[in-house]
Amino acid sequence: MSYYINLSLLSNNLNNQHKRTERRKLLSAEARCILSLCEGRPITGDDIAKDISGRPFFADSDTDFNISHSGNLTAVSLATGQNLRTGCDVELVRPRSRAKEIAKEFFTASENDYIESGGQFDGARFYHIWTLKECFLKLRGLSVFDMADAPSFISKDGWFIFGAAVASIIKLNLYELSGNSGGRYILATGIEGAEREPELRWFSQDFLDCKSIAKIKAAPSPAETVSPKI
């Protein structure tokens, strides 16, 4: 795990006034800059292909990658090896007008209990579940429109779990990042097909402390599945 200060310049300069197409171009340019740093070589648009679902990958490398942006932070996860896949999602903790509606519609009953375990809706816990689901969907090449198909990540007893059968090992990590400027982020990373962790890097304008919230492992054999208690 490593971090970089003052390198994520393009996403920091984006705001709601940017048109969708302009924003997409700027984020793509930033992604190539970040991947060039990670790979130690210049990465151009020709180096990146897309699979049938639109998920980007290196056309000439066995390194899989995934990038996520939120607020003033960009996170990237990488996994090198044949048949390995990785996912990554980061979210700035901030009020979201439809958060309760989204949770009721797309999260399981146990996940909603987790979010409201303190007697009221907890925005940070909402993002715990959201980032884990997004991370899994991006790992599989799915989109936010497939949110209802993501597994549950909280058991009825209040444990972090991976609530679905798997054909190969999937490991997910959940972190909270916080900085001196008051920014607070929830970050989820995942890897499929290996016991090891994905390589994680983040880029921001501020130094961020990192706290591990949960480590989740799903394995073909139930006896190998780890579910850390909350």
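Using my numbering, the first residue of the sequence shown is number 28, and each one after it goes up by one.
Think of the CB as a built atom: it goes at the ideal place given N, C-alpha and C, for glycine as much as any other residue.
Just so you know, these numbers come straight off a predicted model, no measurement behind them.
{"Check": "Neighbour-count burial assignment, G185, 16 or more Cβ in a 10 Å radius", "Outcome": "exposed"}
{"Check": "Opening and closing residue of the beta strand (DSSP E) in which A102 lies", "Outcome": "L100 to T107"}
{"Check": "Cβ shell of L111 (< 6 Å), same chain only, five flanking positions each side left out", "Outcome": "D91, G220 and A221"}
{"Check": "Beta-carbon proximity list for L64, same chain, < 6 Å, skipping 5 on both sides", "Outcome": "none"}
{"Check": "C-alpha gap between S239 and A215, whole angstroms", "Outcome": "10 Å"}
{"Check": "For V120 and Y212, believed in contact at Cβ under 8 Å, the rounded distance", "Outcome": "7 Å"}
{"Check": "Test item: CB-CB of S179 and A194 under 9 Å", "Outcome": "no"}
{"Check": "Inter-residue Cα distance where the pair is L53 and R68", "Outcome": "20 Å"}
{"Check": "Coarse secondary structure for G48, derived from DSSP in three states", "Outcome": "In the sequence as presented, Gly is not what sits at residue 48; that position holds Thr. Residue state, collapsed to three classes: helix."}
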